[in-house]
Amino acid sequence: DGGITQSPKYLFRKEGQNVTLSCEQNLNHDAMYWYRQDPGQGLRLIYYSQIVNDFQKGDIAEGYSVSREKKESFPLTVTSAQKNPTAFYLCASSMGGGGATEAFFGQGTRLTVV
Amino acid sequence: GEDVEQSLFLSVREGDSSVINCTYTDSSSTYLYWYKQEPGAGLQLLTYIFSNMDMKQDQRLTVLLNKKDKHLSLRIADTQTGDSAIYFCADRVNDYKLSFGAGTTVTVRA
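Protein chains in written order, with the numbering used here: chain A, 221 to 334; chain B, 215 to 324.
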């Protein structure tokens, strides 16, 4: 089945530790995105990648890093520099940009700092 | 600006129509979207409308766009329990960025 897979579904991290969230898609999409969702707030864009080996910062990139070495994969690292990392993280992909391009979302990873 | 605003909660009786409202600030918006999120899941695209349209209908869903007032609404006819979810309005800011509202939690009561 074609789709976008995030793992793990739940993740617990101790303060001061880096943690990496996985996102894989088999839709052959060029563009991939990471969003953060907090209760009562809309989705905020962390990073996006238009093509392999290229990525741009979104609105809230501080404390996060990404890589795009393969078309199918766009992992997000939440570093210890991120002051408030507890949130629901959503990965998405799309064919490209512009127009009515639909973004397909993964099921999300809930990160909790303990 | 890129702000998108929507009311946070809506309660509706099963069988009635639901209307979810959204306002946006970006006058250069080309496409506006409605996404649905069920508990603990990702977002699913419900429908979208191009900015030169006033209305779009898709089965039980009707989208109305008032570009002058920068107001978008989603009407769900004959609301069912399976329609209980969070609904997000989103505005395409540029080729690669969507600006999302905070989401409206719709609760369908029997």
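Think of the CB as a built atom: it goes at the ideal place given N, C-alpha and C, for glycine as much as any other residue. Nothing here was measured: the structure is a model prediction, and the numbers come from that model.
Out of curiosity, what's the CA-to-CA distance linking residue i and residue j?
i, j, result
"D268 of chain B", "E228 of chain B", "27 Å"
"D283 of chain B", "D305 of chain B", "15 Å"
"S269 of chain A", "S287 of chain A", "9 Å"
"V218 of chain B", "L231 of chain A", "30 Å"
"L296 of chain A", "A281 of chain A", "11 Å"
"D258 of chain A", "Q273 of chain B", "31 Å"
"Y253 of chain A", "A324 of chain B", "38 Å"
"S231 of chain B", "L288 of chain B", "10 Å"
"F324 of chain A", "T244 of chain B", "19 Å"
"A299 of chain B", "I234 of chain B", "12 Å"
"G169 of chain B", "F294 of chain A", "The displayed coordinates of chain B run from 215 to 324. Any statement about residue 169 of chain B would go beyond what the structure contains."
"E252 of chain B", "P305 of chain A", "22 Å"
"L260 of chain B", "Q271 of chain B", "11 Å"
"G283 of chain A", "K303 of chain A", "7 Å"
"I290 of chain B", "N238 of chain A", "43 Å"
"D297 of chain B", "T321 of chain B", "8 Å"
"I224 of chain A", "Y249 of chain B", "17 Å"
Per DSSP, residue i is paired with what?
i, result
"N280 of chain B", "B:H285"
"R227 of chain B", "B:R323"
"D305 of chain B", "B:L246, B:S313"
"N238 of chain A", "For N238 of chain A, which the question treats as bridged, DSSP gives no partner whatsoever."
"L231 of chain A", "A:L331"
Go ahead and pull the three-state DSSP assignment for residue i.
i, result
"T225 of chain A", "strand"
"T321 of chain B", "strand"
"D274 of chain A", "strand"
"D292 of chain B", "coil"
"L217 of chain B", "Here the sequence assigns Asp to residue 217 of chain B, which means Leu is not the residue at that position. Three-state result, D217 of chain B: coil."
"D297 of chain B", "helix"
"N246 of chain A", "coil"
"D258 of chain A", "coil"
"M267 of chain B", "coil"
"L251 of chain A", "For the record, residue 251 of chain A in the displayed sequence is Ala; it is not Leu. Strand."
"Q273 of chain B", "coil"
"L260 of chain B", "strand"
"S241 of chain B", "coil"
Between which residues of its own chain and residue i is the CB-CB distance below 6 Å, once the five residues before and five after are set aside?
i, result
"G236 of chain A", "S300"
"S313 of chain B", "E216, V218, D305, V307"
"Y262 of chain B", "Y245, Y247"
"K291 of chain A", "V272"
So, for residue i: in the same chain, excluding its five sequence neighbours on each side, which residues have a beta-carbon less than 7 Å away from its beta-carbon?
i, result
"G328 of chain A", "Q226, F308, Y309, L310"
"P228 of chain A", "T329"
"S221 of chain B", "N235, T318"
### Task
Return the chain-ordered ranges of every alpha helix (DSSP H) run that is complete within the region 260-334 of chain A and spans a minimum of 4 residues.
none
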